[in-house]
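A.B. asks:
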Amino acid sequence: MTQTPTAQPPARGQARAQFTVPAAHPMVSLLGSGDSLLRVIETAFPAVDIHVRGNEVNATGEAGDVALIQRLFDEMMLVLRTGQPMTEDAVERSIAMLRASGNGEGDGQETPAEVLTQNILSSRGRTIRPKTLNQKRYVDAIDKHTIVFGIGPAGTGKTYLAMAKAVQALQAKQVSRIILTRPAVEAGERLGFLPGTLFDKIDPYLRPLYDALHDMLDPESIPRLMAAGTIEVAPLAYMRGRTLNDAFIILDEAQNTSAEQMKMFLTRLGFESKIVVTGDVTQVDLPSGTKSGLRQVQDILEGLDDVHFARLTSHDVVRHKLVGRIVDAYEKYDNENGTENGTHKGVRDKRK
429 MTQTPTAQPP ARGQARAQFT VPAAHPMVSL LGSGDSLLRV IETAFPAVDI HVRGNEVNAT
489 GEAGDVALIQ RLFDEMMLVL RTGQPMTEDA VERSIAMLRA SGNGEGDGQE TPAEVLTQNI
549 LSSRGRTIRP KTLNQKRYVD AIDKHTIVFG IGPAGTGKTY LAMAKAVQAL QAKQVSRIIL
609 TRPAVEAGER LGFLPGTLFD KIDPYLRPLY DALHDMLDPE SIPRLMAAGT IEVAPLAYMR
669 GRTLNDAFII LDEAQNTSAE QMKMFLTRLG FESKIVVTGD VTQVDLPSGT KSGLRQVQDI
729 LEGLDDVHFA RLTSHDVVRH KLVGRIVDAY EKYDNENGTE NGTHKGVRDK RK
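Residue 467 in this note's numbering sits at position 39 of the sequence shown, with consecutive numbering throughout.
1) Straight-line CA distance for I650 to K719?
2) Should N537 go down as buried or exposed, given a rule of 16 or more other Cβ atoms within 10 Å for buried?
3) Go ahead and label S529 buried or exposed: buried means 16 or more other beta carbons lie within 10 angstroms of its beta carbon, across all protein chains shown.
4) Leaving aside the five residues before and after L637 along the sequence, list all residues of the same chain whose C-beta is less than 6 Å from its C-beta, in chain order.
5) Any idea which residues DSSP pairs L697 with across the strands?
6) Compute the Euclidean distance between the alpha carbons of G482 and A592, then round it to the nearest angstrom.
7) Quick one, are the C-beta atoms of D744 and T560 less than 7 Å apart?
8) Using DSSP with H/G/I as helix, E/B as strand and the rest coil, what is N763?
9) Pick from G721, D517, G752: whose alpha carbon is nearest that of G460?
10) DSSP on K601, reduced to helix/strand/coil?
11) For a test of the three-state rule: what should DSSP assign to N684, helix, strand or coil?
12) What three-state label does DSSP hand S522 in the structure shown?
13) Would you report the Cα separation of S522 and L672, rounded to the nearest angstrom?
14) Given F737, which residues of its chain have a CB within under 7 Å of its CB, disregarding the five upstream and five downstream residues?
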């Protein structure tokens, strides 16, 4: 994309830029169906006048905003050249990344195009890739470190991206098996009152891991891989006493581990293995008085060589937009009222 001067100078204190879109790229791919992407940009920059004529886009406004819009269109073109379509969500996240960089809040050199075009895994006609800067750094950390903790609120892709990296490592023969585990801790219900066998009681806690596997592998191959031990999905209690070699190991919902369970799990690490621990320290379901192993381990292992803590925030939520606002609302309420998840610390629900 090129910037060319326009015939008439902008008003005093304003800047103007003109962007010419190459003929090889239809304008609809840049502006969106019904100009949906253009409306996202106009909403984000209400003080900038944006006009489109043919394959030219003109922007007039405050110099900083115009420069940012120019960078935005350049990044969008880089994404489109890879064959990946732009979405409203991708445009919003690109604007947020560029603004953070411009405000000095960004501490890296990654660009929106680099974040949005990093493929992890392609399966069944869809590609799994990070959607935010923190997600990209989380994925990169998994490549670089033996143990990675992914800590953040619901919907930030902590477990999903870790599982995609695990499947990628298995397919590349970097590991010979994947081990997925979760603590079987109830969130307001008691296991003993659920009907069925022990497996029937435990299985619902592992179901989210099965669901993610079905997104990434041929569903018909999963039973075969599990029967061969190539993929193992099991409660955390089943890890005790084992040494896990040549494996990609994921501990999900780690905020519900006790300090003892966390130590037990981390010391299962064997040769040629990698561990990813994911959890949300704002959603602890442990009994009152039991300290979360995920909270404690940050104080113990922070700064240890080959151990990395990746922290995601509400800005990295990739579910419905309302989820991010809900996370922020709870955090604000807790900060103002000295509560935890809307409840006074130490208070348990007695309706059991």
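We put the beta carbon where it would ideally sit given N, CA and C, even for glycine. Just so you know, these numbers come straight off a predicted model, no measurement behind them.
C.D. replies: A quick look at the data gives this:
1) Translated into the one-based positions of the sequence shown, residue 650 becomes position 222. Translated into the one-based positions of the sequence shown, residue 719 becomes position 291. Approximately 36 Å between the Cα atoms of the pair.
2) Here residue 537 refers to the residue found at position 109 when the sequence shown is read from its first residue. Per the sequence presented here, residue 537 reads as Gln, with Asn not at that position. Exposed, by the Cβ-count rule.
3) Taking the sequence shown and counting its residues from 1, one reaches residue 529 at position 101. S529 should be labelled buried.
4) Counting from 1 along the sequence shown, the entry for residue 637 is found at position 209. Excluding positions up to five away in sequence, the list reads L608, V661.
5) Position 269 of the sequence shown, counting from 1, holds the residue named residue 697. Paired residue(s): L672.
6) Looking up residue 482 in the sequence shown gives position 54. Looking up residue 592 in the sequence shown gives position 164. When rounded, the distance between both Cα atoms is 41 Å.
7) Taking the first residue of the sequence shown as 1, we reach residue 744 at position 316. Taking the first residue of the sequence shown as 1, we reach residue 560 at position 132. A contact, by the Cβ cut-off of 7 Å.
8) Translated into the one-based positions of the sequence shown, residue 763 becomes position 335. Three-state result, N763: helix.
9) Within the sequence shown, numbered from 1, the residue matching residue 460 stands at position 32. The residue with the shortest Cα to Cα distance from G460 is D517.
10) As a working mapping, residue 601 is identified with position 173 in the sequence shown. If DSSP states are grouped into helix, strand and coil, K601 belongs with coil.
11) The sequence position of residue 684 within the sequence shown is 256, counting from 1. Helix, per DSSP.
12) Along the sequence shown, one-based indexing puts residue 522 at 94. Looking at S522 - three-state DSSP - the assignment turns out to be helix.
13) Translated into the one-based positions of the sequence shown, residue 522 becomes position 94. Translated into the one-based positions of the sequence shown, residue 672 becomes position 244. Computed Cα separation, rounded: 40 Å.
14) The residue you call residue 737 lines up with position 309 of the sequence shown. Contacts found: F577, I579, Q726, E730.
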